[in-house]
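Engineer: Protein chains in written order, with our numbering: chain E, -15 to 306; chain W, -15 to 306.
Structure incoming, see below.
2 protein chains.
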Amino acid sequence: VPDISVSDEGELALIRRINRRLRATSGTPDLPLGPGDDAAVVAAPDGRVVATTDVMVEGRHFRRVWSSGYDVGRKSAASNLADVVAMGARPTAILVGLAAPGELGLDWVDGLADGLRDECALVGAVVAGGDIVASDTLTIAVTALGDLEGRPPVTRSGARPGDRVVLTGWPGRAAAGLALLRAGHTEHPLADAHRRPQPEYAAALVLAGHDHATAMIDTSDGLLADLTHVATASRVRIVLTASRLPVDPALAVAAELLGVDPFDWVAGGGDDHCFAATVPSDVDPDLPWIGGVVEVEPGGQPGVVFSDRERPALAGHEHFRS
Amino acid sequence: VPDISVSDEGELALIRRINRRLRATSGTPDLPLGPGDDAAVVAAPDGRVVATTDVMVEGRHFRRVWSSGYDVGRKSAASNLADVVAMGARPTAILVGLAAPGELGLDWVDGLADGLRDECALVGAVVAGGDIVASDTLTIAVTALGDLEGRPPVTRSGARPGDRVVLTGWPGRAAAGLALLRAGHTEHPLADAHRRPQPEYAAALVLAGHDHATAMIDTSDGLLADLTHVATASRVRIVLTASRLPVDPALAVAAELLGVDPFDWVAGGGDDHCFAATVPSDVDPDLPWIGGVVEVEPGGQPGVVFSDRERPALAGHEHFRS
């Protein structure tokens, strides 16, 4: 079968083709009106809608030699769904803007659509609409919507002295995967952590609901950088216990392979979309806590420190600086 | 004052700078939580939210030599707000993904933010959030949200035989403006119709509400192409009266200047974001009607024809074909 490109297909046929793969059906409770009109109609039973957007650019956030269209679909949906879940909201729908070179293979676009659909299905969301335009630079812009189900949003600013800091997932795996890819280990199992991060959506929604998280964030910039956002917004100090940070055994092996300190990945690596939350100290003590929240001392500054080691000199992930 | 670029500023400082210009304040009725957290919280009092997304790419949808940052901000907001209004919904918020080369001037970004803010202000909406990433290709992805205020959405599929076709605004002006720019007439007044289309939001919301429009669309692909979408979705024929199409006198002069048929712009030109609606025939006869809706004859096809001239051979605006 010859590889057919998006420019062979034409915009309207391409949209029909993608919509078939997405299987988003109008008239469901979450999607009264799906793709195909000027706009979609998405249910917002709470009377408020949580909304966030993220852009992924080829060469900056992914490379086609390392990631398939399916991988990029999963990842671009995940990074947005994680932001919705980090607010304590149930994701309902995403909208997708695709800017693509005319020579992009239709099979890549098919994979992208499948990946978007499958990641959304993990949380019961759907692809409600989108736009396709031509561009020299392959770019995917995803907007995700979610419903708070009557709860207050879990912001970055609610952490209180006395709270415990809880973490879902395994931080640093995506950064390790990217380092492995850059070093040519494209078949290493950890490389998939870069290609398709696996946010623990359900655990985060339990933290927001049952466990009454006071603040929550997903680790898109890295654990230290993101907890610094929480500390700054909440005007508190966060004291982490380095020995309690979960370290994927495969990550430790990969760090030895590449001759780097695994702690730099664990504390500084972004794109894992782990969820870091602060919870009241009387909540279930078996939660995987990694530290606590204390007051800022007189004359001190909000921030993040470790109780059992020096804070590494890590820059936050800033796109125009990297 | 030296021109400073986005890469001089850094991501976090750039976001703070933009947010100051946007003046989106958390805690308002429409925006319980604004920019600065993982996601925004936007009011959706209807219990449903209308959502649409559009991507604009430099060199395809605008050129920096022809359009300022302010122009692109106005236009990228307008194209999305018009899609929300075409559903009969009141726009509440937009989210903006900006992919920008590091050398992009900060003044351009300032203008973009101001343009987004000012276009939103026309309909009482705000910029609720966004994302900024680095890219070789300047790209703006906007998602707009809106509230139906208890009304059913006005889709493309509701036109009924006997309805009248009503049009707001002056179709073809944006296409004329683009043709003038391409021919070097960069100071021509009509060039601004390409730079900053002016959708008649309020008139469209009256059509949706008071006038009970059965179908509505904004003319982003061109009047004929978009009414063909309505005819196809509604399984009807639309019969237009060419002599009733509004022709901007300046457009007729520009057509003579460039030696083209003004009708090609009026019937085929996109990006004006005029609103074309079908309304029941017993609604106010003084509405600016341009045609009517009839049944598809046995063996016939849905589509658009003229009662008083031939249908021009115009292709719909397809990005990968153009």
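No residue lacks a Cβ here, since even glycine has one placed at the ideal position from N, Cα and C.
#1: Looking at the unbroken alpha helix (DSSP H) that takes in residue 99 of chain E, where does it start and where does it end?
#2: Using three-state DSSP, classify residue -11 of chain W as helix, strand or coil.
#3: Tell me residue -1 of chain E's beta-bridge partners as DSSP assigns them.
#4: Could you check whether residue 287 of chain W and residue 197 of chain W sit closer than 8 Å to each other, using their CB atoms as the reference points?
#5: Below 8 Å on the Cβ atoms is my contact criterion, and I expect residue 75 of chain E with residue 23 of chain E to pass it. Report the Cβ-Cβ distance as a whole number of Å.
#6: Using DSSP with H/G/I as helix, E/B as strand and the rest coil, what is residue 47 of chain W?
#7: Relative to the C-alpha of residue 60 of chain W, which candidate in W/124, W/192, W/169 has its C-alpha closest?
#8: Do you know offhand how far residue 305 of chain W's Cα is from residue 215 of chain E's?
#9: Would you please verify whether the beta carbon of residue 125 of chain W is less than 8 Å from any beta carbon of chain E?
#10: Within 8 Å (strictly less), CB to CB, does residue 186 of chain E reach chain W?
#11: Which of the three DSSP states is assigned to residue 36 of chain W in this structure?
#12: Quick one: what does DSSP say residue 187 of chain E is sitting in, helix, strand or coil?
#13: Cβ of residue 129 of chain W within 8 Å of Cβ of residue 35 of chain E?
#14: List, in chain order, every chain W residue whose beta-carbon is nearer than 9 Å to that of residue 60 of chain E.
#15: Could you check the C-alpha separation between residue 153 of chain W and residue 176 of chain W for me, to the nearest Å?
#16: On a CA-only basis, which of W/210, W/58, W/19, W/249 is nearest residue 102 of chain W? Give me that one, please.
#17: If we cut at 8 Å on Cβ distances, does residue 13 of chain W have a partner in chain E?
#18: Note down the Cα distance separating residue -6 of chain W from residue 200 of chain E, rounded to an integer number of angstroms.
#19: Apart from the five residues just before and just after residue 159 of chain E, which ones in its own chain have a Cβ nearer than 6 Å to its Cβ?
#20: Using the Cα positions of residue 155 of chain E and residue 247 of chain E, report the straight-line distance between them to the nearest angstrom.
#21: Considering only the alpha carbon of each residue, which of W/79, W/148, W/82, W/166 lies closest to residue 50 of chain W?
#22: Does DSSP put residue 154 of chain W in a helix, a strand or coil?
#23: Within 8 Å of any Cβ in chain W, is that where the Cβ of residue 119 of chain E sits?
#24: Quick check: what's the CA-CA separation for residue 120 of chain E versus residue 270 of chain E?
#25: List, in chain order, every chain A residue whose beta-carbon is nearer than 8 Å to that of residue 32 of chain W.
#26: Return the chain-ordered list of same chain residues with a C-beta closer than 7 Å to the C-beta of residue 30 of chain E, the five sequence neighbours on each side being excluded.
#27: Can you give the Cα-Cα distance for residue 291 of chain E and residue 267 of chain E, rounded to whole angstroms?
#28: May I have a chain-ordered list of the beta strand (DSSP E) segments no shorter than 3 residues that lie completely inside the stretch 203 to 239 of chain E?
#29: For residue 137 of chain W, return the contacting residues in chain E, with the cut-off set at a CB-CB distance below 7 Å.
#30: Comparing alpha-carbon positions, which option in W/17, W/163, W/226 lies nearest residue 237 of chain W?
#31: Using a Cβ-Cβ cut-off of 8 Å, state whether residue 22 of chain E counts as contacting chain W.
#32: Exposed or buried, residue 32 of chain E, counting other C-beta atoms within 10 Å across all chains shown (16 or more means buried)?
#33: Relative to chain E, which residues along the stretch 211 to 229 of chain W have a C-beta separation below 7 Å, given in chain order?
#34: State the DSSP-derived secondary structure class of residue 75 of chain W, mapped to helix, strand or coil.
Structural biologist: According to the structure shown:
#1: 90 to 105
#2: strand
#3: Residue -1 of chain E is not bridged to any residue.
#4: no
#5: No, residue 75 of chain E and residue 23 of chain E are not in contact; Cβ-Cβ is about 18 Å, not under 8 Å.
#6: coil
#7: W/124
#8: Legend: pLDDT at residue 305 of chain W = 44, less than 50; position of this residue unreliable, no value from coordinates given.
#9: yes
#10: no
#11: strand
#12: helix
#13: yes
#14: Chain W residues near residue 60 of chain E: none, gap ~11 Å exceeds 9 Å.
#15: 15 Å
#16: W/58
#17: no
#18: 25 Å
#19: 249, 253
#20: 10 Å
#21: W/166
#22: coil
#23: yes
#24: 51 Å
#25: Although the question refers to chain A, the structure presented lacks it and instead comprises the protein chains E and W.
#26: 131, 132, 133, 134
#27: 22 Å
#28: 221 to 224
#29: 17, 25
#30: W/163
#31: yes
#32: buried
#33: none
#34: strand
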